[in-house]
Amino acid sequence: MLLSLTTTVQCTKQTTEEREVEQAGSAILRGETPPVDSVGKVGDYYINEKTAEFYGPKKSAEEGGWGAPVRFGKDISSKARILSGTGMPKNTDGNEGDWYLDKETKKLYGPKTKNQWGNGIVLGGNPNNGSNQDNDASLPNYRLGDEGKTLLAWTNPKTQVIDMRKDAKLNQVEKLEIGAVSEQRALQKFVLGDQVGIIGASAFKNCFYLEEFVFNRKLTTIEETAFQYCLYLETMELPEGLEVLGQQAFVSCVKLKKVVVPSTCKNIHGAAFEKCEALEEVVLKEGIENIYTNAFQGCKTLRKVVFPASLKGLGAGIFKDSGVTEVTFKGNVPESGLGQGTGSPFEGVATLEKIYVPEQFIEDYKAQLSDYKNIIHPIK
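1 is the number of the first residue of the sequence shown in my numbering; add one for each residue after it.
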């Protein structure tokens, strides 16, 4: 018997719905957040409609519960039909883009492409996306390159905590390659190895549920989009010794509330914290020299920012579409128009009410920021 469940990933319902797929089999549950342990029974399946991820079959708590999901849609606007039955699907079953769940072997096939179902993924037991059928314990968690100095990729999508310091080989790694730990949906905590100096571009991109990140003392570089869409990060106290903070390094970290940028980081590159909508506190330590275009664009919760006396230059629109109401400069007038664009650092800010500057430089600031001269005041 072939049964189907049609899923629209853009579903707006907030409650979890349950629907029986087989009278004597498991249920497929649906919601817009990852499933918690109290949801469903052992043997059930679960669809996160917001992220197009498929969990299951659920195991006992001792065996890991829901485990890590499998992504079944290309993006959150996709629609997918999940068919189910006993045995492998036939090429005549379903339509292009459909998925098929073999309830007997717990394999998920699809998406159907050019009239082919593919080899299938073993749900709940295979961390390598269907490439083989080995038990989890026999598969490597990561791949290294450059004689063990570079982490090329983390290959086990079920991992919830990665502590590089507890693995002798990982603790010798000096660089995380581009996208090395990206798309790890189960990952909640990451401890950086003692020797890592470079976090490569997009290294943790789309680690949606990463909540805690522990830095080391040797990190010098965070490249572009390194933490993009890490949706559950709340505090990032960047370590002393960090020198490079790349473009869009933390873009769309929507729950990030506090950021501390160390004195060793001379440059904050463009859009580094763009769309961090919950950002309330930014600590810029003495030593920072340049902040580039749109660095804090869209930070709607941000209200007050203090620039250190070491500041030399600002890009255009660094607070564009933010909620900033008060800015304090501790030093002389910084150069404007760094990077792309030549506009004012405050262009696009509708909420700005006060700019505080050292009394001896007040006329210089009024000349440089003439559009804002009426709200420029000496530091109290």
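Ideal Cβ placement from N, Cα and C applies to all residues, glycine included. Remember, it's a predicted structure, so these values are computed and weren't measured experimentally.
In the DSSP assignment, D163 falls within the unbroken beta strand (DSSP E) covering V161 to D163.
In the DSSP assignment, K366 falls within the alpha helix (DSSP H) that extends over I362 to Q368. DSSP places L311 in the coil class of the three-state scheme, outside both helix and strand. With 16 or more other CB atoms across the displayed protein chains lying within 10 angstroms of its CB, I222 is buried. Your pair V191 and K218 does not check out as a contact, with CB atoms roughly 14 Å apart and the cut at 8 Å. In this structure, the straight-line span from the alpha carbon of L242 to that of C265 is close to 5 Å. Counted as a single uninterrupted DSSP element, the beta strand (DSSP E) harbouring K258 occupies residues K258 to V261. When the five nearest sequence neighbours on each side are left out, the beta carbons in the same chain lying within less than 6 Å of the beta carbon of K175 are those of T150 and I198, in order along the chain.
When beta bridges are read from the DSSP output, N290 appears opposite N267 and G313. Three or more Cβ pairs drawn from the stretch 224-241 and the stretch 202-216 lie within less than 8 Å of each other, which places the two stretches in contact.
Between the stretch 86-98 and the stretch 60-67 there are fewer than three inter-stretch CB-CB distances shorter than 8 Å, so the stretches are not counted as touching. Looking at the backbone, the Cα of I28 and that of N48 are separated by about 11 Å. The stretch 182-221 contains, as complete beta strand (DSSP E) runs of 3+ residues, the segments 189-191 and 212-214 (chain order).
The count of Cβ pairs closer than 8 Å, one atom from the stretch 298-310 and one from the stretch 335-346, stays below three, leaving the stretches out of contact. Taking 8 Å as the cut-off, the beta carbon of K300 is found closer than this to the beta carbon of G323.
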